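I have placed the structure first, in the form of C-alpha cells, so that the comments after it can refer back to it.
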Amino acid sequence: MNKNVKGNLINFKNVLGSIINENNQEIIELKFINNEISNSFGIFFPLYNFKNIYDINYNLEFEIKSNKPIFLKVYNGIVWNNIENIEWKPDEYIKINFTSKFNFETKTTYRIGFNQIQDGTIVYFKNINL
Numbered sequence: 033m034n035k036n037v038k039g040n041l042i043n044f045k046n047v048l049g050s051i052i053n054e055n056n057q058e059i060i061e062l063k064f065i066n067n068e069i070s071n072s073f074g075i076f077f078p079l080y081n082f083k084n085i086y087d088i089n090y091n092l093e094f095e096i097k098s099n100k101p102i103f104l105k106v107y108n109g110i111v112w113n114n115i116e117n118i119e120w121k122p123d124e125y126i127k128i129n130f131t132s133k134f135n136f137e138t139k140t141t142y143r144i145g146f147n148q149i150q151d152g153t154i155v156y157f158k159n160i161n162l
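Convert by adding 32 to the 1-based position in the sequence shown; the result is the number in this note's numbering.
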C-alpha cells in the first residue's frame, strides 16, 4: 500500500472525515461529534490489484494521534483485534504495527476501528502501509 492513501469510512454516523495537509503531507482527520458510533465503524484503505495470500501474516502500520485517549481495534476480515498497551501522548503521533493473517476478500472488509470514543475526539492518521 502506498503512503498517504485516502481511506473510506464504514458506518460513519456521527463522524466527520476529511483529508488535511500538514507539512506537505496528506493526513486523514476524523472528528467524532459524539460517542454514539456503530460497533462496526472503521476506516479502511482500498487495495488495488492485490492478490490475497492466506497463509502469511501482513503488517498494518500507521501513525496516529488524538486529542483524547482512544481504544483502537483492527478488523482483519476475520475477527476484531484490540490494540493493547498504547501509551498516548496528547497530540503526538505514535506508530502502530499490527501483524496478523488478513482476509481481504470478504464482504466485511478489514478496517481500523475504535472502542469507547469520547465526545469531541479528533483522530489523525498518516503513513499508512500494509
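Backbone N, C-alpha and C fix where the C-beta goes; we use that ideal spot for every residue, glycine too. As the structure is a prediction and not an experimental result, all values here were calculated from the model.
Asked	Found
With 16 as the cutoff for other CB atoms within 10 Å, does Asn34 come out buried or exposed?	Reliability of the predicted coordinates at Asn34 is poor, the pLDDT of 32 falling under 50, and the value obtained from them is presented with this limitation in mind. Classification for Asn34: exposed.
Among the residues of its own chain, which have a CB less than 8 Å from the CB of Ile59, if the five just before and after it don't count?	Ile51, Ile52, Asn53, Tyr156, Phe157 and Lys158
Could you tell me the distance, in whole angstroms, from the CA atom of Ser132 to the CA atom of Gly109?	10 Å
State the beta-bridge partners of Ser132 as determined by DSSP.	Tyr90
Classify Leu48 as buried or exposed, calling it buried when 16 or more other Cβ atoms lie within 10 Å of its own Cβ.	exposed
Contact defined as beta carbons within less than 8 Å: I believe Ile115 pairs with Lys97. What is the distance between those atoms, to the nearest angstrom?	Going by Cβ atoms, the distance from Ile115 to Lys97 rounds to 14 Å, so no, they are not a contact pair.
Would the beta-carbon of Phe73 fall within 8 Å of that of Gly152?	no
Going by the CB atoms, is the gap between Trp120 and Gly145 shorter than 8 Å?	no
Are the CB atoms of Leu62 and Ile75 within a distance shorter than 8 Å?	yes
Candidates Asn55, Leu162, Lys105 and Phe94: which alpha carbon is nearest Phe136's?	Leu162
What is the residue span of the beta strand (DSSP E) that Val106 lies within?	Phe103 to Tyr107
Measure the C-alpha to C-alpha separation of Ser89 and Phe130 and round it to an integer number of angstroms.	Correcting the residue type first, residue 89 is Asn in the shown sequence and not Ser. Distance between the alpha carbons of Asn89 and Phe130: 10 Å.
Between the Cα of Val141 and those of Val106, Asn66 and Pro101, spot the shortest distance and give me the residue it belongs to.	What sits at residue 141 in the sequence shown is Thr, not Val. Nearest option by C-alpha distance: Val106.
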